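Residue numbers (my numbering): 3 to 304.
In structure tokens form, the structure reads like this:
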């Protein structure tokens, strides 16, 4: 990390800009990498942020907003193969924000008492429920979102995979979150003015991401079919709020290609009820997408 910081300083001295945004800003990428990468140390984060904030392009006030933005993006994130949200890392983000905003050692700028109180409230809310599902079902996640926005979080912040909070919200049903809660979270994110068009590094909008990950689940697991039905409701919500049915993944697939794949995997299920459930969901979504194509006056052959 020391070598990386020296190299970063060299580039900055040569006029490199910090405002380039390749699905993830330099500042939020650095914060995420230090917090979510177990090989990094918190001290490296402080050294790196001190380096960035020494540059005229980055005001120290923006650092707190960047930390809040990373937390916003990761509030609903489940590590692959895990049933847990990275609560420890979210807590570490808030601890760094709280300690340094209070004693000025980190930011070297005086923050309003209200912001410091908000950081403390978020830290408490992260820990007050006994497990991730309860935290989400109780509405605490939405309250955390609200407070992060008070700290200056950008609801459309992307992580190093290019995903936003909305991308991750589309997968909550596969972590045993009820349909009602999933839809409530999606609706709240819409009120926070999240974008329905941001693409990740696979060129997937939240709609394409939702479909692609659903196909993965259906192909390898005997998932509870209530989760698959929730996915259909999420897709319908995304389309109703302007998600493009013309968008293509990095491999050139549209929603219609993905629906065909979903049907194919459904037909391979041994259980007859499972086959029926997947087929019903796929046909329901096909109708939603066809209607969207018609409303937009776009040919499905394009």
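For every residue, glycine included, the Cβ atom is placed at its ideal position computed from N, Cα and C. Because the structure is a prediction, the values reported are computed rather than measured.
Classify residue 149 as buried or exposed, calling it buried when 16 or more other Cβ atoms lie within 10 Å of its own Cβ. buried
Express the C-alpha separation of residue 166 and residue 156 in angstroms, rounding to a whole number. 10 Å
CA-to-CA distance, residue 72 to residue 97, given in whole angstroms: 14 Å
Any idea what DSSP makes of residue 194, helix, strand or coil? coil
Member of 255, 268 and 238 whose CA lies at the smallest distance from the CA of residue 293: 238
Delimiting residues of the alpha helix (DSSP H) encompassing residue 218: 208 to 222
Assigned secondary structure, residue 276 (DSSP; H/G/I helix, E/B strand, else coil): helix
For residue 264 and residue 280, believed in contact at Cβ under 8 Å, the rounded distance: 7 Å
In the structure shown, what three-state DSSP assignment does residue 8 receive? helix
So, for residue 267: in the same chain, excluding its five sequence neighbours on each side, which residues have a beta-carbon less than 8 Å away from its beta-carbon? 217, 220, 221 and 280
Leaving out five residues on either side along the sequence, give the residues of the same chain with a beta carbon under 7 Å from the beta carbon of residue 252. 204 and 205
Can you tell me whether DSSP reads residue 288 as helix, strand or coil? helix
Which residue from 75, 284 and 123 puts its Cα closest to that of residue 194? 75
Straight-line Cα distance separating residue 272 from residue 187: 34 Å
Per DSSP, residue 269 is paired with what? None; residue 269 has no bridge partner.
Quick check on residue 275: buried or exposed, where buried means 16 or more other Cβ atoms within 10 Å of its Cβ? exposed
Suppose you measure from the CA of residue 201 to the CA of residue 231; what does that come to, to the nearest Å? 24 Å
Within a Cβ cutoff of 7 Å, which residues of the same chain sit near residue 185, ignoring the five residues on either side of it in sequence? 235 and 239
Out of 189, 229, 208 and 80, which one is the CA nearest neighbour of residue 257? 208
Using only alpha-carbon positions, find the residue among 213, 30, 36 and 283 that is nearest to residue 158. 30
Please state if the CB of residue 66 and the CB of residue 168 are separated by a distance shorter than 9 Å. no
Proximity to residue 171 [Cα-Cα], best of 27, 245 and 77: 77
Residue 108 burial status per 10 Å Cβ neighbour count (16 or more: buried): Below a pLDDT of 50, predicted positions are generally treated as unreliable, and residue 108, at 48, falls in that range; no measurement from the model is reported.
Give, in chain order, every unbroken run of the alpha helix (DSSP H) that is at least 4 residues long and sits entirely within the segment 159 to 184. 167 to 171
By a C-beta neighbour count over all protein chains shown, 10 Å radius and 16 as the cutoff for buried, is residue 269 buried or exposed? exposed
Do the CB positions of residue 211 and residue 161 come within less than 9 Å of each other? no
CA-CA distance, residue 175 and residue 229? 5 Å
For the alpha helix (DSSP H) containing residue 151, list its first residue and its last residue. 142 to 152
Residue 205 (DSSP reduced to helix, strand or coil): coil
Using beta-carbon positions only, say whether residue 33 and residue 92 come within less than 9 Å of one another. no
Check each candidate in 259, 124, 183 and 36 and name the one with the smallest Cα separation from residue 70. 124
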